[in-house]
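Student: In full-length UniProt numbering, the protein residues as written are 1 to 97. Where a beta carbon is used, it is the ideal one built from N, C-alpha and C, also for glycine.
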Amino acid sequence: MSEDGWLSNLAGSYNKKRLRLPPSAPLMSLGRPSFWGLINPQWSLCSKGRRQSPINIEPDKLLFDRHLRPVVVDKHKTHYVNIREKNNKIKPTWFVT
């Protein structure tokens, strides 16, 4: 998939002149996702700081699981998330508009 393809899937329509990404950069290697604030106006603060994302990730609490599937990010507004725990596994369900 071309760079425009994955970004279009993530962001919908966007202004290529305002949005600068490394060529062929996979989403997970961006390191400093400065474009988050351009995707959704409610995430505008994500473009103001360093190493910002719309998800509060606490590195000291991360646990590697090689069986996890890739995260699919959606530009829509999230109303709430329902998190269930069963047999020591957590399953979040995101509800969006």
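Quick one: Cα of residue 64 to Cα of residue 70, how far?
Tutor: 13 Å
Student: Sort 68, 37, 87 and 60 by Cα distance to residue 48 and report the nearest one.
Tutor: 37
Student: Use the C-beta contact count for residue 57: other C-beta atoms within 10 angstroms, 16 or more gives buried, fewer gives exposed.
Tutor: With a threshold of 16 other beta carbon atoms within 10 Å, residue 57 falls short and is exposed.
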